[in-house]
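Peer 1:
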Amino acid sequence: MKRFTEGAQRKVSGFEASENALRSWLPQHVASSAPIKLSGVSSQINELSLCITLMSWQTYVDEHLMCDVDGVHLTASAIIGLDGGVWAQSAAFPQFKPEEIANIVKDFDEPGFLAPTGLHLAGTKYMVIQGEPGAVIRGKKGSGGVTVKKTGQALIFGIYEEPMTPGQCNMVVEKMGDYLIDQGL
């Protein structure tokens, strides 16, 4: 593909495609030049290889999880895949150990698994408090805590300290998780 521009008097610019590139989109035989239905085109697309990202995962963290709620916001947040891979995280999100994420995922599969030992994140121990078995884990440590919401493919983390309240943290994290679940994620 070549870029072209005409002189200063005629302000025309654009791109020129090679004939070979255009030919690949045109019917090869005149007999096959009938209009194609959109359903025929879409049936030939491999949806697994086609991905259109409308918003980056980092935007979800920066603009939605770290949002201002009544003048306060989370201390740190992250979206982490169920396999432990980081999709996005705030700058202050702690460096966790893979086994910590594996234990959190296990508690979603076996509610109560973390209760005897606590929820550990980057070596910090949170006392596990009332959550929603298989859906939400809540932890408390001093004047702060953590909320973890499980979606079909990821864990949504919110860490807070006063003056944010546990309820405000829960609201932010759980709303994001519910939204992602509604989107099939």
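To convert, note that position 81 of the sequence shown is 81 in the UniProt record's numbering; the numbers rise steadily by one, no gaps.
Backbone N, C-alpha and C define an ideal beta-carbon position, used for all residues, glycine too.
#1: E99: buried (16+ other C-beta within 10 angstroms of its C-beta) or exposed?
#2: Would the segment 72-92 count as touching the segment 122-138 if we require 3 or more Cβ pairs under 8 angstroms?
#3: By how many angstroms is the C-alpha of F113 removed from the C-alpha of A78?
#4: May I ask you to list the residues that DSSP assigns as paired with Q130?
#5: Using 10 angstroms around the beta-carbon of D107, count the other beta-carbons present and answer buried if the total reaches 16, otherwise exposed.
#6: Using DSSP with H/G/I as helix, E/B as strand and the rest coil, what is Q183?
#7: Quick check on DSSP: helix, strand or coil for A91?
#8: Taking the DSSP output, what are the residues bridged to A102?
#9: Among the residues of its own chain, which have a CB less than 7 angstroms from the CB of L121, if the five just before and after it don't count?
#10: Count the other CB atoms, across all protein chains shown, that sit within 10 Å of the CB of C67; report buried if there are 16 or more and exposed otherwise.
#11: Could you compute how far the alpha carbon of K37 sits from the alpha carbon of Y179?
Peer 2: Reading it off the structure:
#1: exposed
#2: no
#3: 22 angstroms
#4: Beta-bridge pairing links Q130 to no other residue.
#5: buried
#6: coil
#7: coil
#8: BP columns for A102 are empty, so no partner.
#9: P94, F96, E100 and V146
#10: exposed
#11: Confidence at K37 is low in this model, with a pLDDT of 49, below 50, so the placement of that residue should be treated as unreliable; the coordinate-derived value is given next. Taking the straight line from one Cα to the other gives about 33 angstroms.
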